[in-house]
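These notes concern the structure reproduced below.
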Amino acid sequence: MHSNNLWVIFLSFFIALVFSIVSLPDALPVELGYLRPQWVALVLIYWVIALPFRVGIVVAWVAGIALDVLLGSLLGQHALALIIVAYVASSLYQRLRMFAIWQQSGIVFAIVGLNQLANFWIESISGVAEWNMWYLLSSVVSALVWPWVFLVLRYSRRLFAVS
Amino acid sequence: MLALSVLSLVLLALDHYSTRLDSTRSVIGVLVTPVVVIADYPSRAVMGLQENFASRAAMREQIAQMAQEQLLLRAKTEKMASLTAENNRLRNLLGSAAKLQDNVLVAELIGVDPDPERHEVIIDKGSYSGVYIGQPLLDAEGLMGQVIEVGVYTSRVLLITDESHGVPVQVNRNNLRLIAQGTGAKGLLELVHVPDTADIKEGDLLVSSGLGDRFPAGYPVGVVNRVVHDPGEPFAVVTAVPSAFLARSRHVLLVFS
Chain B
0 MHSNNLWVIF LSFFIALVFS IVSLPDALPV ELGYLRPQWV ALVLIYWVIA
50 LPFRVGIVVA WVAGIALDVL LGSLLGQHAL ALIIVAYVAS SLYQRLRMFA
100 IWQQSGIVFA IVGLNQLANF WIESISGVAE WNMWYLLSSV VSALVWPWVF
150 LVLRYSRRLF AVS
Chain D
0 MLALSVLSLV LLALDHYSTR LDSTRSVIGV LVTPVVVIAD YPSRAVMGLQ
50 ENFASRAAMR EQIAQMAQEQ LLLRAKTEKM ASLTAENNRL RNLLGSAAKL
100 QDNVLVAELI GVDPDPERHE VIIDKGSYSG VYIGQPLLDA EGLMGQVIEV
150 GVYTSRVLLI TDESHGVPVQ VNRNNLRLIA QGTGAKGLLE LVHVPDTADI
200 KEGDLLVSSG LGDRFPAGYP VGVVNRVVHD PGEPFAVVTA VPSAFLARSR
250 HVLLVFS
């Protein structure tokens, strides 16, 4: 029984969490913070498409709880948003595999947009959150970053024969 | 899917309306501490590199400058012991309670909230070092904020510039008492409900008034940078620049009171 190197999945989520909270250098304007890609959502979408029977709703929920604790948001907020992402991605995985990478970017934009929307809804119910265009920009940047995330993770998956 | 959604909604409701989940949060916080430490590493490494590559002449100059600054500060504090004693004697005469020296703990900033709307930072001291919720935080220049969440080894601090935070202050010049509210992304403080006739002008130093028992009295909070008297508005619009370096400080102090 050869090992299936699941640590690669764990490591990719760990790195995505680190990227989510790394602070920008002081020299850059603070507004750049709005342009951060949703790393955890992107990594989640990749693994759900590639290994739908390994990575699913439960992994999404755990990653969401970790993200909630790291960002100081209400416990369950990102968890709920990410299980919606995992659910949508797992419903579409067969079709998504067929698309070219740039077409996938379009769908990723919609899915990450859904993630942003879910987060915004929960934040606005529990506190003060005004909609501004910056929220949408994060989905655009995430969609633009998707091809690189896809290629890096696919290379790692093949290299280590993750299954 | 349904079960986890319902669980998430339950957690959300519990976290929003009660403090029952705080201990769970700090336990999970200990588990994700490696993420915070690694995320802090790049800025630390850059600073370390800058220190390593500084020239010997620059280091010597810095040492000389710090020695001179220390000498001046020492001279100023020499008198402090006798001034504090005199202050307490006078207060005694007036029947007021004596002022105690504040106990402080040095901490380091290891993370900044990535959301530009929220002004929160993470420090590397937690309940293990006696940190408690509501504890005030300062840096070398002034008041920074208060602790809102305590983990075992790390804590989360809300800065005074966050929109949801207000500091009771008084103007150093004439003891006028006001509240300085944070304004979010702009990084300024706004003084709320300032009457048009109030004696306040640009350049006034604001210090904490100690009212509300959250922040100890006498620490600098900010300097007024703009006073606008609009006849159509019921209150004057006064903004202030915070004294502390806030998210740019590395070393901070926790005050035990």
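The listed protein sequences derive, respectively, from chains B and D.
Position one of the first sequence corresponds to residue 0 (numbering that gives the first Met the number 0), numbered consecutively onward.
Position one of the second sequence corresponds to residue 0 (numbering that gives the first Met the number 0), numbered consecutively onward.
Positions of the beta carbon are idealized from the N, C-alpha and C atoms, including for glycine.
Keep in mind it's a predicted model, so treat the numbers as computed, not measured.
Let me know the secondary structure DSSP gives residue i once reduced to three states.
{"i": "G231(D)", "result": "coil"}
{"i": "P135(D)", "result": "strand"}
{"i": "M46(D)", "result": "helix"}
{"i": "N114(B)", "result": "helix"}
{"i": "S248(D)", "result": "coil"}
{"i": "M143(D)", "result": "strand"}
{"i": "Q180(D)", "result": "strand"}
{"i": "P41(D)", "result": "helix"}
{"i": "E119(D)", "result": "strand"}
{"i": "L33(D)", "result": "Going by the sequence as given, residue 33(D) is Pro instead of Leu. In the structure shown, P33(D) sits in a helix (DSSP, three-state: H, G or I)."}
{"i": "N51(D)", "result": "helix"}
{"i": "G105(B)", "result": "helix"}
{"i": "A239(D)", "result": "strand"}
{"i": "F119(B)", "result": "helix"}
{"i": "G221(D)", "result": "strand"}
{"i": "L73(B)", "result": "coil"}
{"i": "E60(D)", "result": "helix"}
For residue i, report the span of its alpha helix (DSSP H) as first-last.
{"i": "M79(D)", "result": "M79 to L93"}
{"i": "H77(B)", "result": "Q76 to M97"}
{"i": "G63(B)", "result": "I56 to L70"}
{"i": "I20(B)", "result": "W6 to I20"}
{"i": "A12(D)", "result": "L1 to Y16"}
{"i": "I44(B)", "result": "W38 to A49"}
{"i": "A142(B)", "result": "W133 to F159"}
{"i": "I27(D)", "result": "D21 to L30"}
Let me confirm a value: residue i is counted as buried when at least 16 other C-beta atoms fall within 10 Å, else exposed. Which label applies?
{"i": "E77(D)", "result": "exposed"}
{"i": "T196(D)", "result": "exposed"}
{"i": "Q67(D)", "result": "exposed"}
{"i": "E189(D)", "result": "buried"}
{"i": "G221(D)", "result": "buried"}
{"i": "D198(D)", "result": "exposed"}
{"i": "V5(D)", "result": "exposed"}
{"i": "T18(D)", "result": "exposed"}
{"i": "M97(B)", "result": "exposed"}
{"i": "F9(B)", "result": "exposed"}
{"i": "M0(B)", "result": "Confidence at M0(B) is low in this model, with a pLDDT of 48, below 50, so the placement of that residue should be treated as unreliable; the coordinate-derived value is given next. When all chains shown are included, M0(B) counts as exposed."}
{"i": "K200(D)", "result": "exposed"}
{"i": "G63(B)", "result": "buried"}
Contact criterion: CB-CB distance below 8 Å. Does residue i meet it with respect to chain D?
{"i": "Q115(B)", "result": "no"}
{"i": "A65(B)", "result": "yes"}
{"i": "F13(B)", "result": "yes"}
{"i": "Q76(B)", "result": "yes"}
{"i": "V17(B)", "result": "yes"}
{"i": "R94(B)", "result": "no"}
{"i": "S141(B)", "result": "no"}
{"i": "W101(B)", "result": "no"}
{"i": "W60(B)", "result": "yes"}
Examine chain B for any beta-carbon lying closer than 8 Å to the beta-carbon of residue i, and answer yes or no.
{"i": "H228(D)", "result": "no"}
{"i": "H164(D)", "result": "no"}
{"i": "P241(D)", "result": "no"}
{"i": "P167(D)", "result": "no"}
{"i": "L322(D)", "result": "Because chain D spans 0 through 256 in this model, residue 322(D) falls outside it and cannot be assessed."}
{"i": "A38(D)", "result": "yes"}
{"i": "M0(D)", "result": "yes"}
At what residues does the beta strand (DSSP E) containing residue i begin and finish?
{"i": "G165(D)", "result": "G165 to V170"}
{"i": "S154(D)", "result": "S154 to L158"}
{"i": "A106(D)", "result": "N102 to V111"}
{"i": "S207(D)", "result": "L204 to S207"}
{"i": "Y189(D)", "result": "Per the sequence presented here, residue 189(D) reads as Glu, with Tyr not at that position. Run containing E189(D): L188 to P194, per the beta strand (DSSP E) assignment."}
* **Touch test, the region 60-68 of chain D against the region 172-192 of chain D, Cβ-Cβ under 8 Å, three pairs minimum** => no
* Do the region 228-245 of chain D and the region 31-49 of chain D touch if we need at least three Cβ pairs shorter than 8 Å? -> no
* Asked: How about the region 45-52 of chain B and the region 74-92 of chain B: do they share at least three Cβ pairs that are nearer than 8 Å?
  -> yes
* Are the region 71-85 of chain D and the region 112-125 of chain D in contact at 8 Å, needing three or more beta carbon pairs? -> no
* Asked: Does the region 118-136 of chain D come close enough to the region 82-94 of chain D that 3 or more CB-CB pairs lie under 8 Å?
  -> no
* Asked: Would you call the region 77-84 of chain B and the region 7-15 of chain D touching, i.e. three or more CB-CB distances under 8 Å?
  -> yes
* To do: Pair every Cβ in the region 95-114 of chain B with every Cβ in the region 39-57 of chain D, then say whether three or more of these pairs are closer than 8 Å.
  => no
* Asked: With contact counted as at least three CB pairs below 8 Å, one residue from each stretch, are the region 204-223 of chain D and the region 167-175 of chain D in contact?
  -> yes
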